[in-house]
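Student: Residue numbers (the working numbering): 438 to 1664. Ideal Cβ placement from N, Cα and C applies to all residues, glycine included. Sending over a structure as structure tokens; questions will come in a sec.
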């Protein structure tokens, strides 16, 4: 085909450059052409504009799909251009759609090369847009034949949507970095590039490569440096924590800002003549072309388009470029505000950032301007030319006679200097003077939530001032929003404070606080500023002074101080030139770094030690080389507690019954460098076996459930830190990893089918993204949440009706990230005879929400904001409550608790997707697991393999495996199975009962076995096919719920016992509670042919092979050696130790007399022996050691709390020269 012959990028390229690259979506960027009725033709270039529709056909002629074409799924692409084309996104949203680093890298190279024939400059073609398998878009270069032509070419073009994205501060930061790297490392001063160019020239003398590019490198410097601006060389690498901050105080003599530079306005940029009526306060927006406050893309000032640097806040809302419309001179703006103050003696002031001129009208009355006269016509040019817009103060200043009480409208008319002007900028600050107060001043502020944030006041006068009945507000139009009702007396030179959000103040990018006198009109103190929301407070450096500082440690109701902290961890803020890619603290690799503007960064999670901390702060390039460095010194008071590092295997914190959980706190440390002690605990303690050694621990489980593990780490100063992690333990049958094309049998499909060649509505697949279940909804119709007549797709299973359970999943959005949908977990209940469904999941891509539906009535139970495209979710029943929870950083967080109605039962549970409007959505479920503590198998704890006969000399027909019930009760083997091929064909037991201590066998050939061993041993089953491998093999025995009872591999090489490899013996396990994969836990049978059903394996009921007082079966349970009377070699046999309560496997734990000493003056004898708490002992003596001579001496002695117990024989006298003692245990 033509495409196969001509297409330069296809699946082979994608797979070479990206892991599973063919799973990504590749779009070719090209022109759109059409023929017209007059036989002419027209065209347009591709751009990032949103065309008012989600229909793929509106985009596919410019964005040609070149992979996964059969799916024809433009959902993610249209969502992206909707965001950037309308400029309606924030950083977390756009970072779910596009790879910032790779997008900036591409744009930097194309911009530096002056490649005008590409998307990021002047023409949308000659490239690809690729959505990687991780779901993020990137630009891929194709054709660069229009490069290195014009050294004055712009770095960034202005096609629709381009600047909206690339001028976002975090994107612009990366763009600046790569341009700086090109300037400083890869072009004019690069020895590597110079050598490559010279090699090219040496290969051909037909033209001069070096001179062409060397000239380009030199001539391009100015354009690139101008684009980067101050971040290149005018920004220092510095830590600005506790840095000075611009004075935030409102100049009350100039008035209070009612409109500020960053505020949103209604605007019309469509090159229309609106006449004069648009200025009037009652104008009804009758003209076309208005963009209103709240419309998509209208995020506030500054407004316009501009290539050069601008004062803060910079261009935030782009306007229609006047280059794109003939003779576009005038732009219109309207802003409504409320005024409730006095009309007597007030003045108004307007400051502006404008290019080129503006004139203003207040309630239709002209009040002045700059560069444009009042009444100027639609095509009237501005009377001045502004190069780079700067802040102009007081362009309007006068009385407030045009003000009215209530709603007011300020209108602004912005004019260009000529129709070819390349930029326009508008932003205005409108202030109104108000009566002034006196006395208190705002001294420190921390914008934060309840219990953390505050506003602090300082009283610089000689008299106390009571804050009661004063007012706080963050709106100049409503100074009495919050009245302070508490009796807060601020003493002279003292402090008083109130909570920030508790006082109805808003936490946001701009911090505004007005303190107004009880009269509701006199503003006493006010601040209006942009400050970081990173835990630092803003306060006066010197209480009451005019110097302001950002403090690392807020000091509510105390003097503002800097240079020290009692905090254990801090956050640093700083600035950096554009050559820095990221920032780190030497020796602290786990800090979290983030760019917050084109020059500012934040570094959090920095731990401190007691005393002086000299933190080395390094700026790195992309290769990790240090390019900048600084030292930040801070003193910490008090000892720092240990820093706990808690790792688990598996990392998911989800595992099956019978599997082992490994816990590791070995990465923990004491900031002061001292030693650490570790203490481990689990809750609940039943059905879990926890073992620990220092910083390491392991746990196994015999029952499904939720278990909390806590490690407490203590330093040598007794400072401690604890971390808790909750583990979900499930039956193997209750965990769906979606690793197979076929779902488990317990799943039921609702409005859903497996994906086929034709799946017109909703489908699922476990093969599109292996190891995940994709649930696809198409845009053929809405699929709302309902009960009767429901059309939404769901996949669910029968749930425990009346007992506790937990249903859990890990969900991510695969294509669409935002929309009108809900996807996650679903549970169906019957409460008081009424069926209800509860859903819990991602809603619209912006929240996690819980809902309930009865019939057709949907009730929202709870909702929290959520900025990620994935979530770990669970619904949990606890008694009569449903708990809705999500997990963040390994911690489950409550979202909602719901009390179920009377006599509730739960019917079904699973996963779902709903859409309230027709739209395509693909949800990706990593797994679904059910924790059901009532689904319990005794076999996990009490069914044990004790003998394996492989490679018998008499042939394979004599192979067998021996099992024993080591519990005190009989149980059924029904459903227990040997896994297929591990070691033979699948064998599932029927309803056989195995009594306590009873031995049973599975054999290869029952007839041959009984001919060899007789009919005495009980044969449970003959396996259906296969052999035990003579070279070693994996053996897997599972309970009825699929949990592994045994999963081990035997071998025929050292260190495994070789007597069992064709030499006549069998393999016998030594410790049934030991590690079956450990060769040291196995031995060759003493008897040739093995001991199926008899005592050599230590399993015969009632047999005591070693004569230690314990049967071999008991020793199997205890783990002692049934062939060795004293397993631990401490001189005391195992049976005696068990009776004494000591450990027969620990030589330091034994029931022995430690000492017997005589007091010379009295003849009394002091006896001391090793004891066990809870036991009671009786001291006995004999004079001649004959059997009948032993007598009790004294009363029984309870064990002491320690390791030993003592008794003083006061009956002994100096005249007694010989006496023998022993200690007996009182039953």
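So, with DSSP's three-state summary, where would you put residue 711?
Tutor: Reduced to three states, the DSSP call for residue 711 is coil.
Student: Just to confirm my understanding: we take residue 710, look at its own chain, exclude 5 residues before and 5 after, and list those with CB closer than 7 Å. What are they?
Tutor: Taken in chain order, the residues that qualify are 815.
Student: So, under 8 Å CB-CB, residue 1175 and residue 1209 are touching, yes? Tell me the CB distance rounded to an integer number of Å.
Tutor: Going by Cβ atoms, the distance from residue 1175 to residue 1209 rounds to 6 Å, so yes, they are a contact pair.
Student: Using CA coordinates, which residue listed in 783, 797, 1047 is at the minimum distance from residue 789?
Tutor: Ranking the options by Cα distance to residue 789, first place goes to 797.
Student: Quick check: the Cα distance between residue 855 and residue 701, rounded to an integer number of angstroms?
Tutor: Cα to Cα, residue 855 sits roughly 26 Å from residue 701.
Student: If you scan the segment 496-572 from start to end, which runs of the beta strand (DSSP E) of 3 or more residues do you find wholly inside it?
Tutor: DSSP runs (the beta strand (DSSP E)) wholly in the segment 496-572: 500-502, 564-568.
Student: Helix or strand or just coil, what does DSSP make of residue 1395?
Tutor: If DSSP states are grouped into helix, strand and coil, residue 1395 belongs with the helices.
Student: Give me the residue from 618, 848, 1113 with the minimum Cα distance to residue 771.
Tutor: It is 848.
Student: Cα separation between residue 1538 and residue 1424?
Tutor: Confidence is the limiting factor: at residue 1538 the pLDDT is only 46, short of 50, which leaves the residue's position unreliable, though a coordinate-based value still follows. Rounded to whole angstroms, residue 1538 to residue 1424 spans 27 Å at the Cα level.
Student: In the DSSP output, what is residue 1049 paired with across the bridge?
Tutor: Paired residues: 1072.
Student: Nearest by alpha-carbon distance to residue 1118: which of 469, 1454, 1130, 617 is it?
Tutor: Minimum Cα distance to residue 1118 is reached at 1130.
Student: Exposed or buried, what is residue 1183 when buried is set at 16 or more other beta-carbons lying within 10 Å of its beta-carbon?
Tutor: With fewer than 16 Cβ atoms within 10 Å of its Cβ, residue 1183 is classed as exposed.
Student: With a floor of 3 residues, list each beta strand (DSSP E) that falls wholly inside the segment 1222-1277, ordered by position along the chain.
Tutor: Listed in chain order, the complete beta strand (DSSP E) runs (minimum 3 residues) inside the segment 1222-1277 are 1231-1235, 1242-1250, 1258-1268.
Student: Which class does residue 886 belong to by DSSP, given the choice of helix, strand or coil?
Tutor: Correct three-state label for residue 886: coil.
Student: CA-CA distance, residue 777 and residue 843?
Tutor: If you take the alpha carbons of residue 777 and residue 843, they lie about 6 Å apart.
Student: Identify, in the order they occur along the chain, each residue of the same chain with its Cβ nearer than 6 Å to the Cβ of residue 1044, setting aside the five sequence neighbours on each side.
Tutor: Counting only Cβ-Cβ distances below 6 Å, and skipping sequence neighbours, we find 1006, 1080, 1108.
Student: Kindly give me the distance between the Cβ atoms of residue 698 and residue 866, rounded to whole angstroms, as I take these residues to be in contact under 8 Å.
Tutor: That pair is a contact at about 6 Å.
Student: Per DSSP, what kind of secondary structure is residue 718 in: helix, strand or coil?
Tutor: Note: residue 718 maps to coil in three-state DSSP.
Student: Apply the 10 Å Cβ neighbour rule to residue 1483 and answer buried if 16 or more other Cβ atoms are within range, or exposed otherwise.
Tutor: Its Cβ being crowded by 16 or more others within 10 Å, residue 1483 is buried.
Student: Based on Cα-Cα distance, which residue from 667, 1230, 732 lies nearest to residue 704?
Tutor: Comparing Cα-Cα distances from residue 704 to each of 667, 1230, 732, the minimum goes to 732.
Student: Tell me the DSSP secondary structure of residue 456 in three-state form.
Tutor: The answer is coil: DSSP assigns residue 456 none of H, G, I, E or B.
Student: Ordered along the chain, which non-local residues of its own chain (more than five positions away) have a Cβ less than 8 Å from that of residue 451?
Tutor: Only 458, 459, 461, 463, 504, 567 meet the Cβ criterion.
Student: Buried or exposed, going by whether 16 or more other CB atoms sit within 10 Å of the CB of residue 1553?
Tutor: Classification of residue 1553: buried, given that the 10 Å Cβ count is 16 or more.
Student: Span of the alpha helix (DSSP H) holding residue 997?
Tutor: No alpha helix (DSSP H) holds residue 997; DSSP gives it neither H nor E.
Student: Applying the criterion that 16 or more other CB atoms from any shown protein chain within 10 Å of the CB defines a buried residue, is residue 1638 buried or exposed?
Tutor: Exposed, because fewer than 16 other Cβ atoms sit within 10 Å of the Cβ of residue 1638.
Student: If I'm right that residue 1204 touches residue 1178 with Cβ under 8 Å, what's the distance once you round it to whole angstroms?
Tutor: Rounded, the Cβ-Cβ distance is 6 Å, consistent with contact.
Student: Using a Cβ-Cβ cut-off of 6 Å (strictly less than) and excluding sequence neighbours within five positions of residue 1533, which residues of its own chain qualify?
Tutor: Only weak support exists for where residue 1533 lies, its pLDDT of 45 falling under 50; the value from the coordinates is given anyway. These residues qualify, in order along the chain: 1522, 1523, 1524.
Student: When we look at the beta-carbon of residue 481 and count the other beta-carbons within 10 Å, is it buried (16 or more) or exposed?
Tutor: The residue is exposed, with fewer than 16 neighbouring Cβ atoms inside 10 Å.
Student: Can you list, in chain order, the residues of its chain whose CB lies under 6 Å from that of residue 1651, leaving out five sequence neighbours each side?
Tutor: Taken in chain order, the residues that qualify are 1600.
Student: From the DSSP output, read off the bridge partner residues of residue 988.
Tutor: Paired residues: 974.
Student: On the DSSP bridge assignment, give the partners of residue 1126 in chain order.
Tutor: Per DSSP, 1137.
Student: Going along the chain, which residues of its own chain have a beta-carbon closer than 7 Å to the beta-carbon of residue 624, five neighbours each way excluded?
Tutor: Closer than 7 Å at Cβ, skipping near neighbours: 630, 654.
Student: Excluding sequence positions up to five away, which residues of its chain have a Cβ less than 7 Å from the Cβ of residue 601?
Tutor: So the list reads 521, 524, 755, once near-sequence residues are dropped.
Student: Alpha carbon to alpha carbon, what distance is there between residue 1654 and residue 1536?
Tutor: For residue 1536, the pLDDT reaches just 39, beneath the cut-off of 50, and the residue's location in the model is therefore unreliable, leaving the point undetermined.
Student: Does the contact criterion of 3 or more C-beta pairs under 8 Å hold for the segment 1359-1379 versus the segment 1415-1429?
Tutor: Segments in contact, no.
Student: What runs of the beta strand (DSSP E), each 3 residues or longer, lie entirely inside the segment 1010-1048?
Tutor: Within the segment 1010-1048, the complete beta strand (DSSP E) runs of at least 3 residues are 1019-1022, 1029-1032, 1037-1044.
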